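According to the UniProt record's numbering, the residues represented by the sequence shown are 1 to 430, in order. All residues carry an ideal CB built from backbone N, CA and C; glycine is no exception. All values reported here derive from a predicted model rather than from experimental measurement.
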Amino acid sequence: MKRVLIPGVILCGADVAQAVDDKNMYMHFFEEMTVYAPVPVPVNGNTHYTSESIERLPTGNGNISDLLRTNPAVRMDSTQSTSLNQGDIRPEKISIHGASPYQNAYLIDGISATNNLNPANESDASSATNISGMSQGYYLDVSLLDNVTLYDSFVPVEFGRFNGGVIDAKIKRFNADDSSVKLGYRTTRSDWLTSHIDENNKSAFNQGSSGSTYYSPDFKKNFYTLSFNQELADNFGVTAGLSRRQSDITRADYVSNDGIVAGRAQYKNVIDTALSKFTWFASDRFTHDLTLKYTGSSRDYNTSTFPQSDREMGNKSYGLAWDMDTQLAWAKLRTTVGWDHISDYTRHDHDIWYTELSCTYGDITGRCTRGGLGHISQAVDNYTFKTRLDWQKFAVGNVSHQPYFGAEYIYSDAWTERHNQSESYVINAA
Numbered sequence: 001m002k003r004v005l006i007p008g009v010i011l012c013g014a015d016v017a018q019a020v021d022d023k024n025m026y027m028h029f030f031e032e033m034t035v036y037a038p039v040p041v042p043v044n045g046n047t048h049y050t051s052e053s054i055e056r057l058p059t060g061n062g063n064i065s066d067l068l069r070t071n072p073a074v075r076m077d078s079t080q081s082t083s084l085n086q087g088d089i090r091p092e093k094i095s096i097h098g099a100s101p102y103q104n105a106y107l108i109d110g111i112s113a114t115n116n117l118n119p120a121n122e123s124d125a126s127s128a129t130n131i132s133g134m135s136q137g138y139y140l141d142v143s144l145l146d147n148v149t150l151y152d153s154f155v156p157v158e159f160g161r162f163n164g165g166v167i168d169a170k171i172k173r174f175n176a177d178d179s180s181v182k183l184g185y186r187t188t189r190s191d192w193l194t195s196h197i198d199e200n201n202k203s204a205f206n207q208g209s210s211g212s213t214y215y216s217p218d219f220k221k222n223f224y225t226l227s228f229n230q231e232l233a234d235n236f237g238v239t240a241g242l243s244r245r246q247s248d249i250t251r252a253d254y255v256s257n258d259g260i261v262a263g264r265a266q267y268k269n270v271i272d273t274a275l276s277k278f279t280w281f282a283s284d285r286f287t288h289d290l291t292l293k294y295t296g297s298s299r300d301y302n303t304s305t306f307p308q309s310d311r312e313m314g315n316k317s318y319g320l321a322w323d324m325d326t327q328l329a330w331a332k333l334r335t336t337v338g339w340d341h342i343s344d345y346t347r348h349d350h351d352i353w354y355t356e357l358s359c360t361y362g363d364i365t366g367r368c369t370r371g372g373l374g375h376i377s378q379a380v381d382n383y384t385f386k387t388r389l390d391w392q393k394f395a396v397g398n399v400s401h402q403p404y405f406g407a408e409y410i411y412s413d414a415w416t417e418r419h420n421q422s423e424s425y426v427i428n429a430a
């Protein structure tokens with residue numbers, strides 16, 4: 001049973017009154033009233049967000065991190081999202097009860113979606129070996145989900161491989177009583193905001209250069225969603241959702257040593273999500289689900305003090321899962337088989353990195369660094385088998401019991417790949 005806590009004041013009246021000894025005084029008796037509302041609050045160590053509460057809550061850029069922002073057990077990274085980089089739409093790191101962000105476990109329909117490939121490194125710096133990672137393997141759009149559950153304490157025994165908390169996202173399942181198509185659009189832009197910038201950063205921010213972060217003084221965000229629920233045959237149907245979240249950011253292309261902006265360019269920040277689940281109600285005892293999932297993100301960057309330093313950094317994750325629910329006479333058995341591919345990459349526009357002590361690029365004088373360092377990526381394939389058996393409730397005396405048993409096996413194959421040769425030169429002459 002989910003409980004909710006509703007802050008507020010309820011004003012009501014009643015016509016029932018009982019006289020007391022003083023004829024001028026009355027004691028009013030009101031009928032008992034129960035109020036229900038889908039407001040998620042922590043109950044026994046977990047907070048459950050239904051699709052209705054997700055729709056009502058402010059979810060910012062539509063990420064799971066934004067959904068959990070107001071949860072008292074969750075702390076956001078104060079350095080990742082500031083007034084300097086409001087154009088960024090990448091999910092923020094979250095800490096649950098003070099644990100490191102990369103110590104959380106992320107799941108989709110009970111299958112691990114955690115990225116364990118150097119998740120502590122979220123640097124977007126230009127380097128021959130730097131690949132930015134994150135513990136969230138899939139950058140899900142929460143508007144396409146059925147529900148999200150955060151376990152911050154009293155975590156069930158079936159979850160493991162974490163020291164912080166567990167976030168379990170459920171994809172919507174086909175509903176034969178609700179054939180529908182939904183379209184959605186949201187937008188915001190820098191012109192609608194007032195940003196308070198420290199005087200020490202104001203000049204660089206207005207230029208749109210890069211400093212402690214990649215500044216975004218001028219941006220436009222556009223979010224598009226499409227979802228549908230459709231019966232394909234008797235007892236067989238599909239639900240699917242597509243979304244694109246895009247931020248177009250105008251930044252300085254290059255800022256010279258004397259602070260002159262040499263051109264501006266538009267840099268895109270894009271996250272695509274595609275989710276679908278085919279459901280077959282084979283009989284009263286058997287239900288099958290086939291789930292397909294994909295998220296892809298790309299972020300365009302440049303280092304404003306390095307000419308020709310444009311690069312694309314991003315994440316691509318996709319997978320499939322098959323679930324079978326079997327209703328036995330004395331228990332319910334759930335079997336899950338899944339495969340997930342999670343990858344991060346850095347792709348520079350150039351393959352040669354120059355450090356010139358006497359710059360030969362444009363009108364730059366003195367030392368300069370320019371160019372790029374090719375294409376490098378890291379990836380992991382996860383193969384999952386999971387089963388759980390829930391017995392029917394039984395009572396011993398005045399105490400009821402419902403034991404369950406389960407097992408999970410995960411095989412991971414990870415690698416890092418350089419896709420082309422890159423070179424680095426130091427030039428000591430004009």
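- According to the DSSP secondary-structure assignment, Phe223 is paired through a beta bridge with Arg186, Arg245.
- In the DSSP annotation of this structure, the continuous segment of the alpha helix (DSSP H) that includes Leu67 starts and ends at 64–67.
- For Phe205, the secondary structure class from DSSP, reduced to helix, strand or coil, is helix.
- Under the three-state reduction of DSSP, Ile108 is assigned to strand.
- By the neighbour-count criterion, in which 16 or more other beta carbons inside 10 Å mark a residue as buried, Ser400 falls on the exposed side.
- Counting only the Cα atoms, Trp339 lies some 5 Å from Tyr383.
- Here Leu145 is near Lys170, since their CB atoms are less than 8 Å apart.
- The straight-line gap separating the alpha-carbon atoms of Asn175 and Asn235 is approximately 10 Å.
- Sorting Leu57, Asn130, Arg367 by C-alpha distance to the C-alpha of Ser256 places Arg367 at the top.
- Residues Ala105, Tyr151, Val155, Phe159 of the same chain have their beta carbon placed closer than 6 Å to that of Val166, with the five preceding and five following residues left out of the count.
- A straight line joining the alpha-carbon of Lys316 with that of Met134 spans about 12 Å.
- Below 8 Å, too few C-beta pairs join the region 196–205 and the region 119–138 to call them touching: fewer than three.
- Each residue's CA atom was taken as its position, placing Asn428 and Cys359 some 9 Å apart.
- The beta-carbon distance between Ser243 and Tyr224, rounded to whole angstroms, is 6 Å. This is short enough to meet the 8 Å contact definition.
- Leaving aside the five residues that flank Asn63 on each side, the residues in its chain whose CB is nearer than 6 Å to its CB run, in chain order, Pro91.
- Tyr254 and Gln266 have their C-alpha atoms some 12 Å from each other.
- Remark: C-beta atoms of Tyr49 and Val148 approach each other more closely than 8 Å.
- In terms of CA proximity to Glu408, Thr335 leads the group Thr305, Asp289, Thr335, Tyr294.
- No Cβ-Cβ contact shorter than 8 Å links Asp289 with Thr273.
- Between Tyr411 and the set Asp381, Pro403, Gly164, Lys393, the nearest pair of CA atoms involves Asp381.
- Bridge pairing for Tyr214: Ser210 [DSSP].
- In the three-state reduction of the DSSP assignment, Arg56 falls in the helix class.
- The beta strand (DSSP E) runs of length 3 or more contained entirely in the region 128–163 are, from start to end of the chain, 145–151.
- Asp272: member of the beta strand (DSSP E) spanning 264–281, first to last residue.
- In this chain, Ala176 is not harboured by any beta strand (DSSP E), its DSSP state being neither H nor E.
- With fewer than 16 other beta carbons inside 10 angstroms of its own, His419 counts as exposed.
- For Glu122, no beta strand (DSSP E) run applies, since DSSP gives it neither H nor E.
- Shortest Cα-Cα distance from Pro217 to any of Tyr185, Gly110, Gln86 involves Gln86.
- When rounded, the separation of the alpha-carbon atoms in Asp413 and Pro119 is 16 Å.
- Rounded to the nearest whole angstrom, the C-alpha separation of Phe394 and Lys332 is 14 Å.
- Boundaries for Lys393: no beta strand (DSSP E) harbours it, and the DSSP string shows neither H nor E there.
- Only exposed fits Trp330, as fewer than 16 other CB atoms lie within 10 angstroms of its CB.
- Annotation: Asn269 to Leu357 spans about 34 Å, alpha carbon to alpha carbon.
- Considering only Gly397, Tyr345, Leu389, the residue with the shortest C-alpha distance to Leu373 is Tyr345.
- Here the C-alpha atom of Gln308 lies approximately 15 Å from the C-alpha atom of Ala128.
- Taking Val142 as reference, the option from Thr295, Gln421, Asn163 with the minimal CA-CA separation is Thr295.
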